[in-house]
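Q: Dropping a structure here in structure tokens format, bear with me for questions.
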Amino acid sequence: MAKKDKTESKQKLPVMTGAPHIRSGESVPKVMWSVVAALAPAAAFAVYHFGMPALMLMAVSAAAAVAAEALMQLLLRKRVTALDGSAVITGLLLAMNIPPGAPLWMAAIGSVFAMVIVKHLFGGLGFNIFNPALAARAFLLASWPVHMTTTWHRFGEHNILMQNAQNSAGFSPSVFDALTGATPLTLMKEGPKILADNHIALSKLYDVTLTPEMVKSLFIGTVGGSIGETSALLLLIGALFLMIRKIITWHIPVSFIGTVAAAAAGYHYLSGYPAPHLMALYQVLSGGLILGAFFMATDMVTSPVSKKGMLIFGAGCGLITFVIRQWGGYPEGVSYAILIMNALVPLIDRYTKPRVFGVREKKKLAGAVK
Amino acid sequence: MFSRFGGGIHPPGHKSITEDLKFINLPIPHACYIPLQQHIGAPAKLAVAVGDIVSEGQLIGRADGFISANVHSSIPGRVADIAPVPTVYGPQQSVIIEAEGAFSASAMPQEAGDWNVLSREEILERIREAGIVGLGGAAFPTAVKLSPPPEKKIDTLVVNGAECEPYLTVDDMLMRTFPAYIIEGTRIAMKALGVTRAVIGVEGNKKEAIAALKNSLGPASGRETISIKKLVTKYPQGAEKQMIYSLLGRRVPSGGLPMDAGVVVQNVGTLFALRKAVLYNKPLLSRYVTISGNAIRNPGNYKVRIGTRIADIVEECGGLTEEPSRIVMGGPLCGVSVHSLDFPVVKGTSGILFLTGKEAAARDYSPCIRCGKCVAVCPMGLLPNELGTAAEKDRFDLAGELNPYDCIMCGSCSYVCPSQRPLSHFIKLAQQKLKAVT
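Next up, the structure:
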């Protein structure tokens, strides 16, 4: 129908097509490039924070994604839309989800995997079940676990942890090193075991980690982590832009982050430890939660369409994230949580259909007639 | 009681083009092309022959059956031909009248009658004789709408002054220019319907119209109550079901009509025409039409004879400033785009829009990206995304399970779709295919 418009508009007669005759002006490229723009502050900070390797990883990853998409579309004889921004988002997000010390070839392979296997073999934009960047990250983690988990850089939090550990006297040198050498989430995961092995009370761990300085550092982003996940502040600025542009709504991020915060605070409180609010903030601000909740769980293609569905989806993501962080094999669970919930989207959509206007009244009317 | 219906959109109004332009009588055209079917129901039965001399207001098509409407000659002249003419309802058998002779005074009695002395039946008869139909666009015969079956208990007349479509300002101007007539028309319709309560709903962006109606209301009489309510400015506020919900908090049952919720809805333009018909016993010969869009030189709110072709209107409005990308009869969201200037104005024509390529860009559509915007804006709680995909893939069996008949064709889903998918078109396709099967 739209194609017909084009040929007809060349003639003198006006086009005759179905209503409506005006459009909002929103388009897929506008949506996608807005997301890229929203990621820009955090990406720029990553370059400042981690240096050239971060820039190179993001550039290679995005370029590989665009190239792989264009190639797939040519092979499948589809319209080439590789520059509509969606491939750039996938490449950029993948790079932002891997450690700054990872090799370039690995990022490129991840992007190709995301585009070819996760996106286009499922039918291309709109038809993929899983978030391509996250599925690619899972693929990289399974294939090259060493590159994906050990190439972290240490930053401000290292100093804060050292300071806190020194103030809280009583650590042997080996415990001291073990505690101050980990990333924020690894510390929460490994810490209890290290302390238990050395017969030190668990609350000592929280003296080291749960301090206002630590939370502040996590918020600004002067901590170690994946390239794009460290600065909660800049990610939130980008997310605010997307909300104003009405590209994302609050439903998924709020229920996702809210569930993690509530679960962390509740568990901490029930276990009898001090400062559950700092525990909640620590859990919310560390790892990839802010990046995941605002930029990946909200991926339109792989999240529910109704508001109610979005709330359920977000809560599910939050719960799985907390469970993995607390009891799972990995220190971080955001990406697996989103991938698992991606798989449940068709089910959620089916059970959260909006109520059709007047259907209840129809039933009432039918009942009255009987 | 003031509710807010779910969903809806806020398109740019474009009303400033014509909203302050007073009514202008468009000169009588040389010829009128008057279709025998300008309403929902059976076409009128031809009552003249080629070569006949007809006077202004003479019956040329008689209502055929209960749901039908009379058609009159809007100009004095000679029947030049009886032939199919392209209309928004498809090609329709039409009476083509070439202007000739004088305007007989007998067709226009100037003395207003007193409707209070008329019985309910007499009022309905005059409305029926005059060929009044819903002038908001749907063109359902008004006398039929005002005589619901006795088993339906009607308690309220809802008067639709929402005019939620962009560009259109004709109802707004009508409420500002003739507020007392609309109130009087409301009272007449209330009597015809046998109700004591009427609610007039106007969108909040028409402050002057609301004030004018309130000033014309006069002192409340004992048994009847007419209230004027400001509605949220949101499309499709003027859709019957949304209007009733906004004003009364009642939902029309799925598959039902307003009378199933105890309500009859009339547009302000219809009440204006109805009053004239009852007071002067005069048929519907002309209507007010908004001529707008950026491709017409002199946009405005014009009084146009039924049967005037677009070509004649373009000429009287100073011609076109550029080749319009689309010509739309009605509003830009619900209206019908036409392919030639030969289409005549019919009773249901509320506006004619000459849209430039910038105003009405047609782009290729691409697959759904599941953004959910259509689901959020659908005022009926449907899933336009799934309906559209099912219809696109010819899976009408799947579409049938997604309540396609509850769609009111407001077009909000297509309007917001970032993939430019013609969703309401797909839904209409599903409705038609499913109807053909059953």
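Quick mapping for you: the protein sequence lines, in order, are chains A and B.
Residue 128 in numbering that gives the first Met the number 0 sits at position 129 of the first sequence; the count goes up by one each step and never skips.
Residue 404 in numbering that gives the first Met the number 0 sits at position 405 of the second sequence; the count goes up by one each step and never skips.
We treat Cβ as the ideally placed atom computed from N, Cα and C, and that holds for glycine.
Whole angstroms are fine: how far does the CA of B/LEU382 sit from the CA of B/PRO148?
A: Taking the first residue of the second sequence as 1, we reach residue 148 of chain B at position 149. Taking the first residue of the second sequence as 1, we reach residue 382 of chain B at position 383. About 34 Å.
Q: Under 8 Å between the Cβ atoms of B/TYR414 and A/ILE21?
A: As a position in the second sequence, residue 414 of chain B is number 415, starting the count at 1. As a position in the first sequence, residue 21 of chain A is number 22, starting the count at 1. It is a contact, given that the beta carbons lie within the stated cut-off.
Q: Residues of chain A with a CB under 7 Å from the CB of B/VAL327: which are they?
A: Your numbering for residue 327 of chain B matches position 328 in the second sequence. Simply HIS20.
Q: Which residue wins for smallest C-alpha separation from B/ARG186, given the options B/ASN115, B/ASP170, B/ILE126 and B/LYS144?
A: Residue numbering aside, residue 186 of chain B sits at position 187 when the second sequence is read from its first letter. Cα-wise, what sits closest to B/ARG186 is B/ASN115.
Q: Name the one or two DSSP bridge partners that B/ILE199 has.
A: Working through the second sequence from its first residue, we reach residue 199 of chain B at position 200. Paired residues: B/VAL158 and B/ILE227.
Q: For chain B, is any of its Cβ atoms less than 8 Å away from the one on A/GLY287?
A: Counting from 1 along the first sequence, the entry for residue 287 of chain A is found at position 288. No, because no Cβ of chain B sits closer than 8 Å to the Cβ of A/GLY287.
Q: Roughly how many angstroms separate the alpha carbons of A/ALA94 and B/HIS338, rounded to a whole number?
A: The sequence position of residue 94 of chain A within the first sequence is 95, counting from 1. The sequence position of residue 338 of chain B within the second sequence is 339, counting from 1. Rounded to the nearest angstrom, the two C-alpha atoms are 52 Å apart.
Q: Suppose the cutoff is 8 Å on Cβ atoms and the five residues either side in sequence are ignored; what does the same chain contact list for B/ASP51 look like?
A: Locating residue 51 of chain B in the second sequence gives position 52, where the first residue counts as 1. Excluding residues within five positions, the ones whose Cβ falls inside 8 Å are ARG77 and VAL78.
Q: I need the straight-line Cα distance from A/ALA177 to A/ALA132, nearest angstrom please.
A: Translated into positions along the first sequence, residue 177 of chain A becomes position 178. Translated into positions along the first sequence, residue 132 of chain A becomes position 133. Cα-Cα distance, rounded: 32 Å.
Q: Considering only residues of the same chain and omitting the five flanking positions on each side of B/GLY387, which have a CB-CB separation below 6 Å?
A: Your numbering for residue 387 of chain B matches position 388 in the second sequence. Only ARG420, LEU422 and PHE425 meet the Cβ criterion.
Q: Reducing DSSP to helix, strand and coil, say where B/PHE353 ends up.
A: Within the second sequence, numbered from 1, the residue matching residue 353 of chain B stands at position 354. Three-state result, B/PHE353: strand.
Q: List, in order along the chain, the chain A residues whose C-beta lies closer than 8 Å to that of B/SER253?
A: Start at 1 with the first residue of the second sequence, and residue 253 of chain B comes out as number 254. Chain A residues near B/SER253: VAL355, PHE356, GLY357, VAL358, GLU360 and LYS361.
Q: CB B/LYS432 to CB B/PHE22, shorter than 8 Å?
A: Taking the first residue of the second sequence as 1, we reach residue 432 of chain B at position 433. Taking the first residue of the second sequence as 1, we reach residue 22 of chain B at position 23. Contact: no.
Q: Once you ignore the five residues that flank A/ILE289 on each side, which residues in its own chain have a CB closer than 6 Å to its CB?
A: Stepping through the first sequence from its first residue, residue 289 of chain A is reached at position 290. Within the same chain, A/ILE289 has close Cβ partners ALA231 and LEU234.
Q: Can you tell me where the beta strand (DSSP E) holding B/VAL262 begins and where it ends?
A: If you number the second sequence from 1, residue 262 of chain B lands on position 263. Note, B/VAL262: beta strand (DSSP E), 262 to 266.
Q: Spell out the partners DSSP gives B/ASP405 in its beta bridges.
A: If you number the second sequence from 1, residue 405 of chain B lands on position 406. According to DSSP, B/ASP405 bridges with nothing at all.
Q: Within a Cβ cutoff of 6 Å, which residues of the same chain sit near A/ALA61, ignoring the five residues on either side of it in sequence?
A: Looking up residue 61 of chain A in the first sequence gives position 62. VAL87, GLY90 and LEU91, listed in sequence order.
Q: Does the separation of the CB atoms of B/ARG369 and A/GLY125 fall below 8 Å?
A: If you number the second sequence from 1, residue 369 of chain B lands on position 370. If you number the first sequence from 1, residue 125 of chain A lands on position 126. In contact: B/ARG369 and A/GLY125 (Cβ atoms closer than 8 Å).
Q: B/ALA210 CB to nearest chain A CB: under 8 Å?
A: Within the second sequence, residue 210 of chain B is the residue found at index 211, counting from 1. No, B/ALA210 does not count as interfacial toward chain A.
Q: Below 7 Å on C-beta distance, what does B/SER146 contact in chain A?
A: Along the second sequence, read from residue 1 onward, the residue named residue 146 of chain B stands at position 147. Result: empty, since nearest Cβ-Cβ is about 21 Å, beyond 7 Å.
Q: Go ahead and pull the three-state DSSP assignment for A/LEU232.
A: Numbered from 1 along the first sequence, position 233 holds the residue referred to as residue 232 of chain A. Helix, per DSSP.
Q: Between B/VAL436 and B/ASP396, what straight-line distance do the alpha-carbon atoms span, to the nearest angstrom?
A: As a first step, residue 436 of chain B is located in the second sequence; it is residue number 437 there, counting from the start. As a first step, residue 396 of chain B is located in the second sequence; it is residue number 397 there, counting from the start. Each residue's Cα considered, the two are about 10 Å apart.
Q: Relative to chain A, which residues along the segment 58 to 78 of chain B have a C-beta separation below 9 Å, given in chain order?
A: If the cut-off is 9 Å between Cβ atoms, the segment 58 to 78 of chain B has nothing near chain A.
Q: Quick one: which chain B residues come within Cβ less than 9 Å of A/VAL30?
A: If you number the first sequence from 1, residue 30 of chain A lands on position 31. Simply ILE368, CYS370 and PRO417.
Q: A/VAL259 and A/THR179 - do their beta-carbons sit closer together than 8 Å?
A: Against the first sequence, residue 179 of chain A aligns to sequence position 180. Against the first sequence, residue 259 of chain A aligns to sequence position 260. Result no, Cβ atoms of A/THR179 and A/VAL259 do not sit closer than 8 Å.
Q: I'd like to know if B/ASP113 contacts chain A, where contact means its C-beta is closer than 8 Å to some C-beta of that chain.
A: Taking the first residue of the second sequence as 1, we reach residue 113 of chain B at position 114. No, because no Cβ of chain A sits closer than 8 Å to the Cβ of B/ASP113.
Q: Examine chain A for any beta-carbon lying closer than 8 Å to the beta-carbon of B/SER360, and answer yes or no.
A: Here residue 360 of chain B corresponds to residue number 361 of the second sequence, with the count starting at 1. The amino acid occupying residue 360 of chain B in the given sequence is Ala; Ser does not appear at that position. Output row for B/ALA360: interface = yes.
Q: Counting pairs of beta carbons, one from the segment 258 to 272 of chain B and one from the segment 125 to 145 of chain B, are three or more of them closer than 8 Å?
A: Flag = yes, the segment 258 to 272 of chain B and the segment 125 to 145 of chain B touch.
Q: Check whether the Cβ of B/HIS29 lies closer than 8 Å to any Cβ atom in chain A.
A: Along the second sequence, read from residue 1 onward, the residue named residue 29 of chain B stands at position 30. Cβ-Cβ to chain A under 8 Å: no for B/HIS29.
Q: Please work out which residues of its chain come closer than 8 Å, Cβ to Cβ, to A/LYS362, disregarding the five sequence neighbours upstream and downstream, and give them in chain order.
A: Here residue 362 of chain A is taken as the residue at index 363 of the first sequence, counted from 1. Result list for A/LYS362: empty, nothing under 8 Å.
Q: Expressed to the nearest angstrom, what Euclidean distance is found between the alpha-carbon atoms of B/ALA62 and B/SER93?
A: Stepping through the second sequence from its first residue, residue 62 of chain B is reached at position 63. Stepping through the second sequence from its first residue, residue 93 of chain B is reached at position 94. Their Cα atoms are separated by approximately 14 Å.
Q: How close, in whole Å, do the beta carbons of B/GLY12 and B/SER411 come, if the pair is a contact with beta carbons under 8 Å?
A: Here residue 12 of chain B is taken as the residue at index 13 of the second sequence, counted from 1. Here residue 411 of chain B is taken as the residue at index 412 of the second sequence, counted from 1. In fact, because the Cβ distance is near 15 Å, the residues do not count as touching under 8 Å.
Q: Could you tell me whether any Cβ in chain A is nearer than 8 Å to the Cβ of B/SER517?
A: Past the edges of chain B, shown from 0 to 437, lies residue 517 of chain B, and the structure says nothing about it.
Q: Counting only Cβ pairs nearer than 9 Å, list the residues of chain B close to A/LEU120.
A: Indexing the first sequence from 1 puts residue 120 of chain A at position 121. Within 9 Å Cβ-Cβ: nothing; A/LEU120 doesn't reach chain B, min ~15 Å.
Q: Which of the three DSSP states, helix, strand or coil, is assigned to B/GLN419?
A: By 1-based counting over the second sequence, the position of residue 419 of chain B is 420. DSSP places B/GLN419 in coil when its eight states are reduced to three.
Q: Between the C-alpha atoms of A/THR182 and A/LEU284, what's the straight-line distance to the nearest angstrom?
A: As a working note, residue 182 of chain A is residue 183 in the first sequence. As a working note, residue 284 of chain A is residue 285 in the first sequence. Each residue's Cα considered, the two are about 13 Å apart.
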